[in-house]
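Numbering (mature numbering (1 follows the signal peptide of the UniProt record, and there is no 0)), first residue to last: -22 to -1, 1 to 321.
C-beta: ideal position from N, C-alpha, C; glycine also.
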Amino acid sequence: MSKTTFAIIAAVSAATGAAVTAASMSLASPTTKKTKPTPPTLSTPPSPTASATLPAPVPFPGALAITAPVDPAGLFQYGFPGPVADLATRNSLISSFDRRTKNPFWVAEHITPASLASREGDRKGSVFLEDPDVPEKFRGKLKDYFRSGYDRGHQVPAADAKWSQEAMNDTFYLTNMCPQVGEGFNRDYWAHFEDFCRRLTTRYPSVRVVTGPLYLPKRDADGKWRVSYEVIGNPPNIAVPTHFYKVIFAEDGKVGGQVAVGAFVLPNARIPNDKPLSEFEVPVEAVERASGLEFATKLPVQRRKRLCVDTACSLVIKEYAQRQQAFVKEERKQVSAPGSPRI
Ligand SMILES: *[C@@H]1O[C@H](CO)[C@@H](O)[C@H](O)[C@H]1NC(C)=O
């Protein structure tokens, strides 16, 4: 297992440990002191039926109705604080946006042999766009990326949306972007990883991919775990994720059929091409704990397969030099326009 995997699993257990400690401390408080402490049951909330068996509360003698002296919900007369996870449904993707980090929470796409066979769209015909569906004050801006040193990294790749120019254009909204390390990552290892997802369609007729950023804790010299990430823009606006995940659902094309599921977490950093993809495979649950999201609550265990057991999870490192040149040229073209990143 890779260092990333360890970090995530450690983070997951560290978090669990903290919660258990907190729970034990509350159990140990004098008012709830018991001769035999019961272990905290964090993962299993009391079932609704359990409360039904509890005796009804006995009212104080003489009390008619309890009138609370406060009304916390009165706040909502002024508005509900949120959070709102702006959902955008477009031709080639569905995205959910995090207004705090100005990154997506997740972006979902669907790849099929037919979607990849059709070549109607060209990235030369698309430009990066701020997303008008996000309120202005929460939007990621083109100028935030300018001279940031980071690529505007597609979460759903443009290359997966060549089936129409409109679909291609849809991948260029900043709600589908995260700041990604360019050389050695977005333009290299990550691009090969995206290619891996496309190649899955040679074996599976229907491939769904959810992609998004993570902000993972790292252990400091003092032994404590801290989350640290850069924020680009002036004033600072868009968080630079420490990692990215993909959760892949490779379907056999039958209704109610088998689904090969794989989850991967990669650091937002240069990765040597010879590093095996399998080193970045993690349990889906690790991504869920790290992201606060859930990916397959409705997929029964008996329909699941592990992607990397069902097929080889390895990259094909092609000669990308030409592709790289095209990429750089395109970025240069947009450099004159305000809001282009320095590359
Ligand atoms: C795609 O975006 C370009 C640049 O904004 C625009 O000129 C073009 O009309 C768009 N094409 C479609 C089909 O939406």
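Per DSSP, Ser256 lies in no alpha helix (DSSP H) and is assigned neither H nor E. With a 10 Å radius around the Cβ and a threshold of 16 neighbouring Cβ atoms, Tyr123 comes out buried. Going by DSSP, Trp84 is part of the beta strand (DSSP E) stretching over Asn81 to Ile89.
The three-state secondary structure of Gln158, taken from DSSP, is strand.
Look at Glu144: its beta carbon is less than 7 Å from one of the heavy atoms in ligand 1. Within the chosen limit of 7 Å, ligand 1 reaches the beta carbon of Ser104 through at least one heavy atom.
Nearest C-alpha to Thr189 among Pro214, Phe227 and Arg204: Phe227.
Contact check for Asn215 against Lys80 passes: the beta carbons are separated by less than 8 Å. Each residue's CA atom was taken as its position, placing Val237 and Phe222 some 22 Å apart.
Following the DSSP letters along the chain, one finds Phe174 inside the alpha helix (DSSP H) bounded by residues Trp168 to Arg177.
For the pair Cys175 and His132, the Cα-to-Cα distance works out to about 14 Å.
For Glu229, the enclosing beta strand (DSSP E) covers residues His221 to Glu229. In this model, Pro61 and Lys296 are separated by some 43 Å (Cα to Cα).
Distances from the CA of Arg68 to each of Pro110, Ala92 and Arg281 were compared; the closest alpha carbon is that of Pro110.
Within the same chain, Cβ atoms closer than 7 Å to the Cβ of Thr179 are found at Ile89, Thr90, Pro91, Leu94 and Val185, the five residues on either side in sequence being excluded. Between the stretch 244 to 253 and the stretch 153 to 168, the count of C-beta pairs closer than 8 Å reaches three or more; the two stretches touch. Cys291 and Glu108 have their alpha carbons spaced roughly 35 Å apart.
About 5 Å separates the beta carbon of Phe75 from that of Thr153, a gap short enough to meet the 8 Å contact definition. For Asp148, the enclosing alpha helix (DSSP H) has its first and last residue at Gln143 to Asp148. With contacts defined as CB atoms closer than 8 Å, Asp64 and Val112 qualify as a contacting pair. In the displayed model, Thr289 falls within coil according to three-state DSSP, outside both helix and strand.
When the beta-carbon positions are compared, Ala139 and Gly99 come within less than 8 Å of each other. Judged by the Cβ position, Asn147 qualifies as a neighbour of ligand 1 at the 7 Å threshold, a heavy atom of the ligand being closer than this. Nearest to Phe116 by C-alpha distance, out of Arg78, Glu263 and Arg177, is Arg78.
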